[in-house]
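Trainee: Take 1 as the starting number for the sequence shown in UniProt numbering and just add one per residue. Structure provided below as structure tokens; questions to follow.
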Amino acid sequence: MKRFSLLSPRAGAAFITPAGLLVGAFVIVPFFWVIYVSFTNRTLLGRTALNPEFVGLANYLELFSPHRFLDPGQFGFSLVLTIQFVLFSALLGQAALGMALAWLLQQVPKPVKAMTETVVIGAWILPEVVIGFAWFAFLDYDGGTLNGMLDAVGLPRGDWLLDYPFWVIVVFNTWRGTAFSMMLFNSAFASIPPSYFQAADVAGASSWQKFRDIGLPLIRGHVVTDLILITMWTFNVFTPFLLTKGGPGNQTEVLSIYTYRVAFRDFDFGKGAAVGVVVMLINLAFALFYLWVARKRTPGGAA
1 MKRFSLLSPR
11 AGAAFITPAG
21 LLVGAFVIVP
31 FFWVIYVSFT
41 NRTLLGRTAL
51 NPEFVGLANY
61 LELFSPHRFL
71 DPGQFGFSLV
81 LTIQFVLFSA
91 LLGQAALGMA
101 LAWLLQQVPK
111 PVKAMTETVV
121 IGAWILPEVV
131 IGFAWFAFLD
141 YDGGTLNGML
151 DAVGLPRGDW
161 LLDYPFWVIV
171 VFNTWRGTAF
181 SMMLFNSAFA
191 SIPPSYFQAA
201 DVAGASSWQK
211 FRDIGLPLIR
221 GHVVTDLILI
231 TMWTFNVFTP
241 FLLTKGGPGN
251 QTEVLSIYTY
261 RVAFRDFDFG
271 KGAAVGVVVM
281 LINLAFALFY
291 LWVARKRTPG
301 GAA
């Protein structure tokens, strides 16, 4: 009788089949279902809930209608708002702050470094719902911690969520996501041979000169990887909904919140699916660019 081997193709197929079924049921099938629904007028209520009609590109044409593309509450307005959100929160916020923290951690004693890493990573590992409600309590006008601190020092309080909603979600998401950039850059700086910095110290180089001439050039690949990943994550983040629900007046309705409103509050599944497909294409472009960069960094990749 032939002995069964764990290294045989049959054994490999047996192990991978359950995972393949799960991926097919929860990833592949919904992926194609969303694409199909985007070409229909399916809704949650009414006649088209059970018997949706094929409408072709109508949902996509409505999204990109030039007459109201940039009006508040429309797809174009949310797209531009999301680009601004990514620019300020991910590129100018998380990446820059994460790199600054990572570089400063190379200069401080180990106990201070460990304590800082613990505090920053705490913002990363806590559940988003907990973080969202904590920030809501911090910024509340009547009983918020921030206004209480301002009252204590004699400064005027502010209605932050009403007067500065966009900048609130920018600061919130920067605070939330900086930990990833800090950890990535911290590992990158730690991989640089110490002799490089020791030689710079002998030459009398300042901290800024060592960062500019040694640190930054040697971690350039990590910078690109970080920028691509945090751009993709920030582009799809839904956590600002916990603070502002997209308001006031659609001022914080980024694409993820816009998609939620169209599909699950307006019950227009066809249009919501069309938005989802467009977002998937944008994410695909980010992913392909990331894979291209990763391949360029690989020794066996193309030059």
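In this text, a Cβ means the ideal position worked out from N, Cα and C, and glycines have one as well.
In angstroms with no decimal places, state the Cα-to-Cα distance between Tyr-36 and Thr-225.
Mentor: To locate residue 36, count along the sequence shown from 1; it is residue 36. To locate residue 225, count along the sequence shown from 1; it is residue 225. Approximately 33 Å, taken between the alpha carbons.
Trainee: Should Trp-160 be labelled buried (16 or more other beta-carbon atoms within 10 Å of its own) or exposed?
Mentor: The sequence position of residue 160 within the sequence shown is 160, counting from 1. Buried: at least 16 other Cβ atoms inside 10 Å.
Trainee: What span of residues does the alpha helix (DSSP H) with His-222 cover, start to end?
Mentor: As a working note, residue 222 is residue 222 in the sequence shown. Start and end: 220–236.
Trainee: Shortest alpha-carbon distance to Phe-267 belongs to which of Phe-54, Arg-47, Ile-16, Val-86?
Mentor: For the purposes of this step, residue 267 is identified with residue 267 of the sequence shown, where counting begins at 1. Minimum Cα distance to Phe-267 is reached at Arg-47.
Trainee: Tell me the DSSP secondary structure of Asp-163 in three-state form.
Mentor: What you label residue 163 is simply residue 163 of the sequence shown in a count that begins at 1. Looking at Asp-163 - three-state DSSP - the assignment turns out to be helix.
Trainee: Would you check if there are 3 or more beta carbon pairs closer than 8 Å linking the segment 75–94 to the segment 164–175?
Mentor: Result yes; three or more Cβ-Cβ pairs closer than 8 Å.
Trainee: Within this structure, are the beta carbons of Phe-166 and Thr-252 separated by less than 8 Å?
Mentor: In the sequence shown, residue 166 corresponds to position 166, counting from 1. In the sequence shown, residue 252 corresponds to position 252, counting from 1. The answer is yes: Cβ separation under 8 Å.
Trainee: Count Cβ pairs between the segment 110–130 and the segment 195–203 that sit closer than 8 Å; are there 3 or more?
Mentor: The segment 110–130 is not in contact with the segment 195–203.
Trainee: Quick one: residues in its chain with C-beta nearer than 8 Å to the C-beta of Val-80, no 5 flanking neighbours on either side, listed in chain order?
Mentor: Here residue 80 refers to the residue found at position 80 when the sequence shown is read from its first residue. Once the five neighbours on either side are set aside, the close Cβ partners of Val-80 are Leu-70.
Trainee: Would Leu-87 count as contacting chain D if we go by Cβ distances under 8 Å?
Mentor: Among the chains in the structure shown there is no chain D, since it carries only a single protein chain.
Trainee: If you draw a straight line from the alpha carbon of Pro-30 to that of Leu-184, how long is it in whole angstroms?
Mentor: Numbered from 1 along the sequence shown, position 30 holds the residue referred to as residue 30. Numbered from 1 along the sequence shown, position 184 holds the residue referred to as residue 184. So the two alpha carbons sit approximately 33 Å from each other.
Trainee: What are the partner residues of Phe-54, as DSSP defines its beta bridges?
Mentor: As a working note, residue 54 is residue 54 in the sequence shown. Phe-54 pairs with Thr-40.
Trainee: Could you check whether the segment 37–46 touches the segment 263–280, counting it as contact only if at least three pairs of C-beta atoms, one from each stretch, sit closer than 8 Å?
Mentor: Taking 8 Å as the limit for Cβ pairs, the verdict is that the segment 263–280 does touch the segment 37–46.
Trainee: Per DSSP, what kind of secondary structure is Asp-268 in: helix, strand or coil?
Mentor: Against the sequence shown, residue 268 aligns to sequence position 268. Reduced to three states, the DSSP call for Asp-268 is strand.
Trainee: For the alpha helix (DSSP H) containing Ser-256, name the first residue and the last one.
Mentor: Sequence index remark: in the sequence shown, residue 256 carries index 256 (1-based). Per DSSP, Ser-256 belongs to the alpha helix (DSSP H) from 255–260.
Trainee: Could you tell me whether the segment 14–32 touches the segment 224–240, using the rule of 3 or more Cβ pairs below 8 Å?
Mentor: No, they do not touch.
Trainee: How many whole angstroms separate the CB atoms of Gly-247 and Arg-261, which I take to be in contact at a CB cut-off of 8 Å?
Mentor: Here residue 247 refers to the residue found at position 247 when the sequence shown is read from its first residue. Here residue 261 refers to the residue found at position 261 when the sequence shown is read from its first residue. The Cβ separation is near 10 Å, so there is no contact.
Trainee: Please list, in chain order, all residues of the same chain as Leu-162 whose beta carbon is under 7 Å from its beta carbon, the five residues on each side excluded.
Mentor: In the sequence shown, the residue the question calls residue 162 occupies position 162. These residues qualify, in order along the chain: Pro-248.
Trainee: In the structure shown, what three-state DSSP assignment does Met-1 receive?
Mentor: The residue you call residue 1 lines up with position 1 of the sequence shown. Low confidence applies to Met-1: its pLDDT is 47, below 50, so where it sits in the model is not reliable enough to give any reading.
Trainee: Closer than 8 Å by C-beta to Phe-286: which residues in its own chain qualify, once you throw out the five before and the five after it? Chain order, please.
Mentor: Taking the first residue of the sequence shown as position 1, residue 286 is located at position 286. For Phe-286, where only same-chain residues beyond five positions count, the Cβ hits under 8 Å are Ile-228, Thr-231, Met-232, Phe-235.
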